[in-house]
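Read the structure below first, then the notes.
Chains as they are written, first to last, in the numbering used here: chain G, 61 to 338; chain Z, 3 to 467.
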């Protein structure tokens, strides 16, 4: 059993849980994920590692309580325990000295981007953060994200196009005259798709962090297969980070919706017109 | 002496119509009278050949003898002195090509039903208060890490514990048992039986650590530096193979691993009591002809599919599945499309698969495997309407350990290079066995490899090296 050392509602229905899992904390790297099972009847779900403390042996996860398991998880309180917590899984984020890196953080990405942005900055990059939410109340953890970046642009609200207010600041940065060497984006699949479409004309390497359906998280089931550059990859062992310009987004979005019929209606927080078509 | 009955005693079995809708065990096992009747068919050869056919070398004659005499405790003791998982082996071993193939009685009639007797004796122990007491030797003070709690790891771990070593088994999933719990369905191998066998192994002092992906949570080199004197790798062949044809990533197309893991390990058949869903259609095609394909087809039927097809590119003669599994599948109404190969998939709304494009095959000359090579027949293409597909083409080893362990050599197939007899790998103090060395094979061959490796590791550990 893995005790919950801290629990915080960061924004409406978005939670941070600090889990006591020394074995995971000891090896965790930015960009990796864990698999958890809430209880004996539970399913296994992947969640990105939002942060870790090797000395205290804790790992932070951040999630929106929108599905069967995440809602069940959100009901737990500090001091409760979850049945299983496995990791770190997947490949660590690529950290190098690239130059100037734009980190786009949306939804749970506002938390999970923190260790990646921090590592990129420590590696000598200038890190421009962009945080966006549909409504201001869904912006959270900005102080930590700001501390991890060299500068942070915060934006909220929607234009006619659902994602325009995340795309606008990104475009401004891209057109601002300074060379941008890499874009990293974490958020809902539709946002990562939009960002990848936006950066493509600039030929700037854009790294996305995919979060497809998984069962085991170790390469065994193939549920998380994604097509990248025409080749089938398993997000759990080959990812979760991939080149956003090569990802086949329609396939990814379709596969993510395999079970929406079995689950309750997903919260509108995650919906965009690309998801709505399904 | 009574005349030898040339026919084996039938084992009671659930009615095919009823069992096609439930997950209870298909075969019901002998009762004491039936087991005695079958045991009396054994002629107690002075030099039994059956044992030669057993990958773990069970003294078959010698456990049948006390069984005939009604001494169940002695039967259990003899059986378990060589096999740590008899209730499992009695159910899933391909006895017809191993011990029973060597049985002398089989030269005149049906061989003694060794597997059924093994199961009877093992189940008797599980259901009785008696527990085979194993006198453990004085602890050697040597520590061994076993990676993977499937048949190879459990057998190796138990054998090393018998020899006085301190064993820790690491498992990536949240339950021990490997393929015994995620792969083989409840109706063929009840999880209660698997758990009972694992509990017996834990009772030997073997520690089982769950939720640990070795290679990620901890590496082999860290374990070796952390006080383990030796390591056994029994991580199996967990990576599913796909067809690599167009449309294969459509929704509704599963690897057999995913399909069976959802159903067996995660208990999707009991959704929504359990949280894991399994989206099932009405017309299901299972691609492949092995035991895993039969399992997947029969699970699909039990989950409510109206039509379930096995699609296999060779003919029925070449089906790699056990004959008994094929017969059970047919009795339950599974439809066999043999000499048929998928070439692509088509989909509809929401990216869901709606059909499988197939081509008819004919058999040519034997290939390297000795089986006749299937050849596509041009112009024979047709569309099979389906809404669920399970790809059961086999598996390859998971690369996580090989990729994170310097000094471990792999073959071009991704399996580990290891000595065939001892399981010794190319890395100091590391052994391996089971599917990670051979590629996908059987439970009992993995157990045999675990057993041989344990003997080699014991010699190394006691050599004081």
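Built from N, CA and C at the ideal position, the CB exists for glycine as well.
- In this chain, residue 179(Z) is not harboured by any beta strand (DSSP E), its DSSP state being neither H nor E.
- Put simply, the backbone Cα of residue 236(G) is about 12 Å away from that of residue 228(G).
- Interface annotation, residue 94(Z): not in contact with chain G, CB-CB separation never under 8 Å.
- Taken atom to atom, the span from the alpha-carbon of residue 99(G) to that of residue 144(G) is near 8 Å.
- Cβ proximity to chain G below 8 Å picks out 279, 281 from the stretch 279 to 309 of chain Z.
- Boundaries around residue 18(Z) are those of the alpha helix (DSSP H), 18 to 21, since no beta strand (DSSP E) includes it.
- Counting every other CB atom within 10 Å of its CB across the protein chains shown gives residue 110(Z) a total below 16, marking it as exposed.
- For residue 429(Z), the closest of 56(Z), 48(Z), 411(Z) by C-alpha to C-alpha distance is 411(Z).
- Chain Z has no Cβ within less than 8 Å of the Cβ of residue 212(G).
- Just measuring C-alpha positions, the residue of 67(G), 159(G), 70(G), 83(G) sitting nearest residue 244(G) is 159(G).
- The alpha-carbon of residue 416(Z) is positioned some 46 Å away from that of residue 71(G).
- In terms of beta-carbon proximity, residue 91(G) stays away from the interface with chain Z, with every pair separated by 8 Å or more.
- Check the Cα spacing between residue 435(Z) and each of 273(Z), 425(Z), 442(Z), 443(Z): the tightest is with 425(Z).
- The beta carbons of residue 274(G) and residue 95(G) sit closer together than 8 Å.
- Judged by beta-carbon spacing, residue 259(Z) lies beyond the 8 Å limit of residue 279(Z), meaning their Cβ atoms are not closer than that value.
- Here residue 286(Z) is near residue 390(Z), since their CB atoms are less than 8 Å apart.
- About 27 Å separates the beta carbon of residue 45(Z) from that of residue 30(Z), a gap too long to meet the 8 Å contact definition.
- Excluding five sequence positions before and after residue 84(Z), the CB atoms of its chain that fall closer than 6 Å to its own CB belong to 58, 59, 60, given in chain order.
- For residue 293(G), the CB contacts under 8 Å within the same chain, skipping 5 residues up- and downstream, are 285, 286, 287, 299, 302 in chain order.
- Within the stretch 145 to 158 of chain G, contact with chain Z at the beta-carbon level (separation under 8 Å) is assigned to 145, 146, 147, 148, 149.
- Residue 105(G) and residue 140(Z) have their alpha carbons spaced roughly 44 Å apart.
- Taken in chain order, the members of the stretch 281 to 315 of chain G whose beta-carbon sits within less than 9 Å of a beta-carbon on chain Z are 281, 282, 283, 285, 286, 287, 292, 294, 297, 308, 310, 311, 313, 314, 315.
- When DSSP states are grouped into helix, strand and coil, residue 243(Z) belongs to the coil group.
- Proximity of the stretch 150 to 164 of chain Z to the stretch 443 to 461 of chain Z meets the contact definition, three or more beta-carbon pairs being nearer than 8 Å.
- Among the residues facing chain G, residue 175(Z) is included, as its CB has a counterpart in that chain under 8 Å away.
- Counting C-beta pairs with one atom in each stretch, the stretch 311 to 319 of chain Z and the stretch 336 to 343 of chain Z have three or more that are closer than 8 Å, which means they touch.
- Its Cα nearest to that of residue 204(Z), the residue 172(Z) stands out among 172(Z), 226(Z), 119(Z).
- When 8 Å is used as the limit between beta carbons, residue 402(Z) is near these residues of chain G: 278, 279, 297, in chain order.
- Under the criterion of beta carbons closer than 8 Å, residue 85(G) and residue 127(G) do not qualify as touching, at roughly 25 Å.
- Taking 7 Å as the cut-off between beta carbons, the residues of the stretch 253 to 279 of chain Z near chain G are 253, 257, 259, 260, 263, 264, 268, 275, 276, 277, 278, 279, in sequence order.
- With contact defined as three or more Cβ pairs closer than 8 Å, the stretch 97 to 106 of chain Z and the stretch 48 to 57 of chain Z are in contact.
- Taking a Cβ-Cβ cut-off of 7 Å, residue 265(G) has no neighbours in chain Z, whose nearest Cβ is about 24 Å from it.
- Residue 256(G) is not a Cβ neighbour of residue 91(G), given a cutoff of 8 Å.
- Here residue 115(Z) has 10, 40 as same chain residues with Cβ atoms under 6 Å from its own Cβ, once five neighbours each way along the sequence are excluded.
- DSSP, read as helix, strand or coil, puts residue 338(Z) in strand.
- Taking a C-beta cut-off of 7 Å against chain G, the contacting residues of the stretch 341 to 359 of chain Z are 352, 353, listed in chain order.
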